[in-house]
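Shown next, in structure tokens, is the structure this report addresses.
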Amino acid sequence: MATRVFKKELLLVALLSICCFACEKIPESSKQEDLVVKSEVAVEPEKTKDFQEYIMWNEIDFAPHFILDGPYKGMGFGDKVLPILIESLPEYSHGRFTANTAQSLERAKRHENICLINFIQTAEREQYFYYSKPYIFILPNGVIVREEDKFKFDDYLNDQGEISLATLIKNHDLKFGISGKSAYGKGIDAIISENRGKPHVVERLGKNLTEGLLQMLDRKRIDYMLTYPDMRSFLIKKLNIKSKLRYISIAEMPENYLLQAHVACTKNNLGADIIKKIDEMIEETDLIDKTAEYYSYWLDENDKAIFYQLFNKVVKGQIK
């Protein structure tokens with residue numbers, strides 16, 4: 007028994023000796039190299055002359071701004087504008103992703119290098135995005151209701167046939183559908199902001215926001231919603247909406263008003279550089295006229311005439 011214990015002690019001593027010998031043989035220079043490698047991992051590599059900053063462009067699924075599937079895929083006015091912007095910025099690498107406005111806001115909060123086009127400027131968004139000068143001008147949102155229910159809205163119309171959203175939204179018996187985080191324009195956003203969260207204001211989140219709301223209106227799950235003239239006819243055809251719908255202008259919209267949209271990039275150094283270059287492009291090229299052409303393609307003849315009358319007066323400074 008004593009012999010076995012003695013042998014175990016000898017074996018333990020031998021193993022400790024080997025380990026200690028190995029420790030002594032590690033040169034100091036190797037330990038220092040390990041420290042150097044660890045410290046270099048935490049340091050950003052130097053940019054070479056071939057290095058390109060990477061921009062991710064958001065293609066918001068918001069037809070006909072972007073049309074991501076179906077027979078009109080790639081024919082939206084955003085689909086036509088984005089390649090022009092990318093081509094004007096060859097010093098950067100470019101990628102694309104699809105997300106809604108709320109998701110883009112979250113990515114910008116994380117300081118990811120993202121940019122959006124046809125984006126409306128709001129106080130909340132200004133915290134996270136730099137904005138270009140306006141380069142696209144569109145007809146504003148209006149209230150859309152089922153034709154069979156139009157009598158429910160007669161009391162909210164003025165002499166010009168416009169509807170007061172501020173008064174209408176106080177009626178808790180009529181359900182109002184809105185898109186989460188969407189901006190609807192001057193005179194409208196403040197009214198919606200004051201009423202978000204109320205039981206009769208139904209906020210839709212996720213993908214295909216306007217399409218979903220239009221289907222809810224068709225199925226009588228909501229009584230009214232807001233949409234743009236260019237989207238109205240496009241989505242009615244795409245979704246095969248059965249209900250006959252009526253579009254009503256909003257009284258709170260300023261006179262001679264066109265909604266202005268911008269390029270927006272994450273509020274960081276890269277975003278600032280990109281916006282500066284896009285502003286120069288807007289000033290030096292015919293981008294504004296091109297976007298007007300791309301946008302008006304999706305208007306019916308009546309809306310197109312109204313648009314160009316306002317565009318020439320408000321944007322071009324002349325009446326034709």
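Positions in the sequence shown are counted from 1; adding 6 to them yields the working numbering.
Backbone N, C-alpha and C fix where the C-beta goes; we use that ideal spot for every residue, glycine too.
Using a C-beta cut-off of 8 Å, the segment 228-241 makes contact with the segment 129-149, since at least three inter-stretch Cβ pairs fall below that distance. In the DSSP assignment, the residues bridged to N64 are F103, L122.
Setting aside the 5 residues that flank it on each side, K213 is surrounded in the same chain by D67, N106, each with a C-beta closer than 7 Å to its C-beta; the list follows chain order. The DSSP assignment places complete beta strand (DSSP E) segments of no fewer than 3 residues inside the segment 200-245 at 207-210, 230-233, in order along the chain. Residue pairing by DSSP places Q266 opposite F143 in a beta bridge. When DSSP states are grouped into helix, strand and coil, Y134 belongs to the coil group. Note on geometry: alpha-carbon atoms of Y134 and D155 lie some 41 Å from one another. In this structure, DSSP gives F317 a helical state, which the three-state scheme calls helix. L88 and D161 have their C-alpha atoms some 43 Å from each other. In the three-state reduction of the DSSP assignment, R152 falls in the strand class. Non-local C-beta neighbours of D195 in its own chain, meaning closer than 8 Å and more than five positions away in sequence, comprise T128, A189, ordered along the chain.
Residue K244 holds the alpha-carbon nearest to the alpha-carbon of G76 among N318, K244, L293. Distance from the CA atom of T216 to the CA atom of E299, rounded to whole angstroms, is 23 Å. Listed in chain order, the non-local C-beta contacts of R210 below 8 Å within the same chain comprise G183, I184, S185, G186, G218, L219, M222, local neighbours out to five positions each way being set aside. With fewer than 16 other CB atoms across the displayed protein chains lying within 10 angstroms of its CB, D306 is exposed.
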